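One structure is given here, and the rest of the page talks about it.
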Amino acid sequence: MSSTSHEKPMSRAEGAFRQAFERLKVNQPLIIPKGSAVTQNNVAREAGVDPSALKKSRFPALVESIQNWVSDNNQRMQSGQSQRGKNRGLRERLASMKEQRDRALNLLANADALILELLRENERLQAGRPPSNVSPLNAK
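At position 2 of the sequence shown (counting the first as 1) the number is 2 in the UniProt record's numbering, and the numbers step up by one without a gap.
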(Lines of atoms letter the chains of each structure in order from A and count residues from 1; the text may use other names and numbers.)
(Lines give C-alpha, C1' and ligand atoms only; values in the text may rest on other atoms or scores of the structure.)
Protein backbone atom coordinates (compact mmCIF):
# COMPACT_ATOMS: atom_id res chain seq x y z
CA MET A 1 0.00 0.00 0.00
CA SER A 2 1.40 3.32 -0.92
CA SER A 3 0.04 6.30 0.92
CA THR A 4 1.13 9.85 1.29
CA SER A 5 0.52 9.94 5.05
CA HIS A 6 2.96 8.69 7.64
CA GLU A 7 0.66 5.92 8.85
CA LYS A 8 2.19 2.50 9.02
CA PRO A 9 0.29 -0.35 7.42
CA MET A 10 -1.73 -2.36 9.92
CA SER A 11 0.09 -5.44 11.19
CA ARG A 12 -1.61 -8.80 11.33
CA ALA A 13 -1.70 -8.56 15.14
CA GLU A 14 -3.32 -5.12 15.04
CA GLY A 15 -5.86 -6.40 12.52
CA ALA A 16 -6.71 -9.29 14.86
CA PHE A 17 -7.06 -6.88 17.78
CA ARG A 18 -9.30 -4.54 15.78
CA GLN A 19 -11.52 -7.42 14.64
CA ALA A 20 -11.76 -8.65 18.23
CA PHE A 21 -12.61 -5.11 19.36
CA GLU A 22 -15.39 -4.86 16.76
CA ARG A 23 -16.82 -8.25 17.79
CA LEU A 24 -16.85 -7.21 21.45
CA LYS A 25 -18.52 -3.87 20.65
CA VAL A 26 -21.47 -5.71 19.08
CA ASN A 27 -21.43 -8.48 21.73
CA GLN A 28 -20.53 -11.20 19.23
CA PRO A 29 -17.29 -12.63 20.64
CA LEU A 30 -15.94 -15.91 19.35
CA ILE A 31 -13.60 -16.80 22.23
CA ILE A 32 -14.69 -15.09 25.43
CA PRO A 33 -18.25 -15.32 26.79
CA LYS A 34 -20.96 -13.07 25.38
CA GLY A 35 -21.75 -10.13 27.60
CA SER A 36 -18.11 -9.70 28.60
CA ALA A 37 -17.08 -6.11 29.15
CA VAL A 38 -15.13 -4.36 26.44
CA THR A 39 -11.72 -3.86 28.01
CA GLN A 40 -8.21 -3.77 26.69
CA ASN A 41 -7.52 -7.17 28.28
CA ASN A 42 -10.71 -8.71 26.86
CA VAL A 43 -9.88 -7.40 23.38
CA ALA A 44 -6.54 -9.21 23.62
CA ARG A 45 -8.19 -12.38 24.94
CA GLU A 46 -10.78 -12.25 22.15
CA ALA A 47 -7.92 -11.92 19.66
CA GLY A 48 -6.52 -15.13 21.13
CA VAL A 49 -3.40 -13.68 22.72
CA ASP A 50 -2.15 -12.88 26.20
CA PRO A 51 -3.52 -9.55 27.53
CA SER A 52 0.02 -8.23 27.92
CA ALA A 53 0.41 -8.33 24.12
CA LEU A 54 -1.91 -5.35 23.63
CA LYS A 55 0.26 -2.53 24.90
CA LYS A 56 -0.22 1.17 24.44
CA SER A 57 3.42 1.52 23.36
CA ARG A 58 2.86 -0.91 20.46
CA PHE A 59 -0.68 0.00 19.43
CA PRO A 60 -1.32 3.55 20.69
CA ALA A 61 -4.16 4.38 18.28
CA LEU A 62 -5.98 1.11 18.96
CA VAL A 63 -5.60 1.40 22.73
CA GLU A 64 -6.86 4.99 22.55
CA SER A 65 -9.84 3.84 20.47
CA ILE A 66 -10.65 1.15 23.05
CA GLN A 67 -10.34 3.61 25.94
CA ASN A 68 -12.51 6.19 24.17
CA TRP A 69 -15.17 3.61 23.37
CA VAL A 70 -15.14 2.31 26.95
CA SER A 71 -15.47 5.81 28.45
CA ASP A 72 -18.26 6.78 26.02
CA ASN A 73 -20.20 3.58 26.62
CA ASN A 74 -19.53 3.55 30.35
CA GLN A 75 -21.59 6.75 30.63
CA ARG A 76 -24.43 5.09 28.71
CA MET A 77 -24.17 1.99 30.88
CA GLN A 78 -24.28 4.09 34.04
CA SER A 79 -27.41 5.88 32.86
CA GLY A 80 -28.87 2.48 31.95
CA GLN A 81 -28.00 1.15 35.39
CA SER A 82 -29.53 4.24 36.94
CA GLN A 83 -32.71 3.67 34.94
CA ARG A 84 -32.77 -0.01 35.93
CA GLY A 85 -32.39 1.08 39.55
CA LYS A 86 -35.30 3.47 39.21
CA ASN A 87 -37.38 0.77 37.53
CA ARG A 88 -36.53 -1.71 40.27
CA GLY A 89 -37.56 0.86 42.88
CA LEU A 90 -40.82 1.51 41.06
CA ARG A 91 -41.55 -2.23 40.77
CA GLU A 92 -40.92 -2.66 44.51
CA ARG A 93 -43.15 0.32 45.28
CA LEU A 94 -45.88 -1.09 43.03
CA ALA A 95 -45.68 -4.49 44.74
CA SER A 96 -45.89 -2.80 48.16
CA MET A 97 -48.91 -0.75 47.07
CA LYS A 98 -50.63 -3.88 45.74
CA GLU A 99 -50.10 -5.58 49.11
CA GLN A 100 -51.53 -2.52 50.89
CA ARG A 101 -54.52 -2.50 48.54
CA ASP A 102 -55.15 -6.20 49.14
CA ARG A 103 -54.96 -5.75 52.93
CA ALA A 104 -57.33 -2.74 52.74
CA LEU A 105 -59.80 -4.69 50.58
CA ASN A 106 -59.67 -7.58 53.05
CA LEU A 107 -60.36 -5.21 55.97
CA LEU A 108 -63.22 -3.61 54.03
CA ALA A 109 -64.78 -6.97 53.22
CA ASN A 110 -64.53 -8.03 56.88
CA ALA A 111 -66.09 -4.73 58.01
CA ASP A 112 -68.93 -5.11 55.49
CA ALA A 113 -69.60 -8.66 56.71
CA LEU A 114 -69.65 -7.49 60.35
CA ILE A 115 -72.03 -4.62 59.53
CA LEU A 116 -74.37 -7.01 57.73
CA GLU A 117 -74.25 -9.45 60.63
CA LEU A 118 -74.99 -6.68 63.16
CA LEU A 119 -77.89 -5.35 61.04
CA ARG A 120 -79.44 -8.83 60.90
CA GLU A 121 -78.98 -9.30 64.64
CA ASN A 122 -80.58 -5.89 65.26
CA GLU A 123 -83.55 -6.82 63.05
CA ARG A 124 -83.91 -10.15 64.85
CA LEU A 125 -83.81 -8.49 68.26
CA GLN A 126 -86.27 -5.78 67.15
CA ALA A 127 -88.67 -8.43 65.84
CA GLY A 128 -88.51 -10.49 69.04
CA ARG A 129 -89.05 -7.55 71.40
CA PRO A 130 -92.32 -7.52 73.33
CA PRO A 131 -94.62 -4.61 72.67
CA SER A 132 -93.80 -1.64 74.79
CA ASN A 133 -96.19 -0.63 77.56
CA VAL A 134 -94.69 2.83 77.76
CA SER A 135 -96.67 5.61 76.17
CA PRO A 136 -94.96 8.62 74.76
CA LEU A 137 -95.55 11.92 76.49
CA ASN A 138 -97.05 14.57 74.35
CA ALA A 139 -95.57 17.96 74.90
CA LYS A 140 -97.96 20.88 74.78
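Every residue gets a Cβ at the ideal spot worked out from N, C-alpha and C, and that includes glycine.
Please read all numbers here as calculations on a predicted model, not as lab measurements.
| Check | Outcome |
| --- | --- |
| Rounded separation between residue 66 and residue 82 - CA only | 24 Å |
| With 16 other Cβ atoms within 10 Å as the buried cut-off, status of residue 16 | buried |
| Assumed close pair residue 61, residue 53 - CB separation to whole angstroms, cut-off 8 Å | The Cβ separation is near 16 Å, so there is no contact. |
| Distance cut-off 8 Å: residue 109 Cβ against heavy atoms of the ligand GTP | Because no ligand of any kind appears in the structure shown, any question about the ligand GTP cannot be addressed here. |
| Classification of residue 20 by the beta-carbon crowding that lies within 10 angstroms, buried from 16 upward | buried |
| Endpoints, the alpha helix (DSSP H) within which residue 35 is located | Run containing residue 35: none; DSSP gives neither H nor E here. |
| Exposure label - residue 38; buried when at least 16 CB within 10 Å | buried |
| Range covered by the alpha helix (DSSP H) that runs through residue 59 | Taken as a continuous stretch (DSSP letters only), residue 59 belongs to no alpha helix (DSSP H), as it is neither H nor E. |
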